[in-house]
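Residue numbers (my numbering): 1145 to 1381.
Below you'll find the structure, written out as structure tokens, and then a few comments.
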Amino acid sequence: MTTQGAPPSLEEPYPGCGDFVKLAFTRKGIPDDTIDIMTASLSKNTLKQYNSTFSKWWGFCRGEIETILQPNAQKILSFLKTEFDKGAQYSTLNTHRSALNLICDGGNSEIVVRFMKGIFKLRPQFPKYQETWHPQPVLAYLSTLYPLDKLNLELSTIRMVLLLALCTAQRAQTFSKIRLSNIKISEVGLEIRFSDFLKTSGPKKPHPVLRFHFFRENPEHCICSTLMHYIEKNKGI
């Protein structure tokens, strides 16, 4: 790794995403004692995505090393065009642009924005899911996973996760953050709050609160009794 603020030499290999971002921030004049806080704004998944971009960008600029950390819009266009010629889709190129925006302002220039609009026209990208499946087959399957005391741990888990997904439409990551200490059970149902950081977390954006009532008319599809049974079944584990 190079001395902070000094441009890397041609012989140096790509230092990795974390060190690259810190080096870029230093070159932008950001105080050293604030860089760790700045990088904390980036999630692990974002850094993983950006790592691919920065690695490609590092290699692309080897002949013009001064542009690695302070590229102009024309250089960014050349990089995006090179990746486009390799078959990159709109979403991938847009990720590249977002990553480079972290270290410079060239990605927001009018010509780069216009270029990305052209990419979308040439290689349009549509939502991954354009239709939703009917829940009835799943509900019918859940009806077979009853009574609860006849289910093993695997089937109890499948039943609970399916009901949570159907009743809340939340992300799988949200379900993984459910804590026993945040589940409140009452006579009418249960409430689940979240204390961990979620993918949807943001400044002034409250965490979701999941509330369910007992479905006594149709116990085969009652998420409250299912969750309570699951908790009881796992007490000894």
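Virtual Cβ for every residue (Gly too), placed ideally from N, Cα, C.
Since we're looking at a predicted model, the values are computed, not measured.
For cysteine 1311, same chain residues with a beta-carbon under 7 Å away, outside a window of 5 residues either side, are Phe1356 and Ile1367 in chain order. The beta carbon of threonine 1236 sits closer than 8 Å to the beta carbons of Glu1227 from its chain, once the five residues preceding and following it are set aside; these are given in chain order. Of Gln1193, Lys1219 and Asn1195, the smallest CA-CA separation from cysteine 1205 is found for Lys1219. Within the region 1183-1237, the runs of alpha helix (DSSP H) that reach at least 4 residues and sit entirely inside it are, in chain order, 1188-1204 and 1217-1229. A Cβ-Cβ distance of about 17 Å is found for the pair tyrosine 1234 and isoleucine 1255, leaving them out of contact under the 8 Å criterion.
Using a Cβ-Cβ distance cut-off of 8 Å, the region 1335-1343 and the region 1317-1326 are in contact, since at least three pairs of beta carbons, one from each stretch, lie closer than that value.
In the three-state DSSP reduction, phenylalanine 1338 falls in the coil class, being neither helix nor strand.
Residue pairing by DSSP leaves isoleucine 1375 without any beta bridge partner. The Cβ-Cβ distance between threonine 1239 and glutamine 1193 falls below 8 Å.
Per DSSP, reduced to three states, the secondary structure at glycine 1160 is coil, with no helix or strand assignment. Under DSSP, phenylalanine 1356 shares a beta bridge with Leu1334. With fewer than 16 other beta carbons inside 10 angstroms of its own, phenylalanine 1270 counts as exposed. Sixteen is the threshold: since fewer than 16 other Cβ atoms of the shown chains lie within 10 Å of the Cβ of tryptophan 1277, the residue is exposed. With distances taken between CA atoms, proline 1279 lies nearest to His1365 out of Ala1243, His1365, Asp1163 and Lys1166. Taking C-beta atoms as the reference points, lysine 1377 and leucine 1246 fail to come closer than 8 Å.
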